[in-house]
Amino acid sequence: MKFFKPLDIMNLLAITLLFIYDYFPESLLAYKIPKFLVISAFFGIIILSFLLKRYRNRDSKEILKWQLTSTIYILLLMSLLTALGGESVSGLSLDSGLVWIVLLFSIYEMSTRWRKVNQSNTVKEKDESQ
3 MKFFKPLDIM NLLAITLLFI YDYFPESLLA YKIPKFLVIS AFFGIIILSF LLKRYRNRDS
63 KEILKWQLTS TIYILLLMSL LTALGGESVS GLSLDSGLVW IVLLFSIYEM STRWRKVNQS
123 NTVKEKDESQ
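Counting from 3, one number per residue, gives the positions in the sequence shown under the working numbering.
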């Protein structure tokens with residue numbers, strides 16, 4: 003089982019490009035790749051993910067790993083872009099209260115999912131020992 007699926011990698015790439023556009027709107031990248039193309043690709047990947055979701059059998063543990071990885075990745079990306087001298091045009095920065103509220107909600111969601119994964123593992127272990 004691969005941890006990163008191709009759609010996940012494309013999604014992270016699109017998110018990275020959108021953050022670069024947000025933190026460095028006057029960069030060379032902004033002139034090379036139209037912002038509309040990046041946004042369209044991002045939403046296209048999201049829609050494609052939903053359409054293909056019925057063909058993927060992702061268990062709660064795999065979803066939890068993805069949530070944790072993507073949350074950490076976005077926080078590190080925001081930190082890196084800030085350290086490189088970028089400033090968010092849209093207000094998505096580590097100084098934003100909205101970012102911290104979303105982060106707290108995400109942590110709550112991950113902890114709930116983690117408890118469910120642990121409970122299902124405990125049930126499986128009990129069934130196997132009997």
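Just so it is clear, CB atoms sit at the ideal spot from N, CA and C, and this is done for glycine as well.
Because the structure is a prediction, the values reported are computed rather than measured.
First and last residue of the uninterrupted alpha helix (DSSP H) at residue i
| i | result |
| --- | --- |
| P8 | 8–25 |
| I74 | 62–85 |
| L94 | L94 -> no alpha helix (DSSP H), and no H or E assigned at all. |
Rounded C-alpha distance that separates residue i from residue j
| i | j | result |
| --- | --- | --- |
| D20 | I41 | Position check: residue 20 holds Leu in this sequence, whereas Asp was assumed. So the two alpha carbons sit approximately 7 Å from each other. |
| I39 | L66 | The question names Ile, but residue 39 in the sequence shown is Leu. Answer to the nearest angstrom: the Cα atoms are 30 Å apart. |
| Q69 | S90 | 23 Å |
| A81 | T18 | The residue asked about is misnamed: residue 81 is Ser in this sequence, not Ala. Rounded to whole angstroms, S81 to T18 spans 12 Å at the Cα level. |
| S72 | I49 | 18 Å |
| L77 | L96 | 8 Å |
| V119 | E111 | 12 Å |
| K63 | L30 | 40 Å |
| Y57 | A43 | Confidence at Y57 is low in this model, with a pLDDT of 47, below 50, so its placement is unreliable and the value that follows should be read with caution. Answer to the nearest angstrom: the Cα atoms are 21 Å apart. |
| V101 | L83 | 15 Å |
| S176 | T124 | Examination of residue 176 is not possible in this model, given that the chain is present from 3 through 132 alone. |
| L15 | T114 | 28 Å |
| V104 | A85 | 22 Å |
| I74 | G99 | 17 Å |
| S122 | L94 | 36 Å |
| K7 | L106 | 26 Å |
| F11 | L79 | Checking the sequence, you will find Ile at residue 11 rather than Phe. Whole-angstrom Cα-Cα distance: 15 Å. |
| E28 | I109 | 33 Å |
Whole-Å CB distance - residue i paired with residue j, under 8 Å assumed
| i | j | result |
| --- | --- | --- |
| Y25 | A32 | Between A32 and Y25 the Cβ distance is about 11 Å, and since that is not below 8 Å, they are no contact. |
| I47 | N13 | 5 Å |
Cutoff 6 Å; reference residue i; Cβ partners in own chain excluding five residues on either side
| i | result |
| --- | --- |
| G88 | Y25, F26 |
| K37 | Y23 |
| F45 | none |
| D61 | none |
Residues near residue i by beta carbon distance below 7 Å, same chain, minus five either side
| i | result |
| --- | --- |
| W116 | L66 |
Check: residue i C-beta below 7 Å from any heavy atom of the ligand FMN
| i | result |
| --- | --- |
| L94 | No copy of the ligand FMN appears in this structure; indeed no ligand is present at all. |
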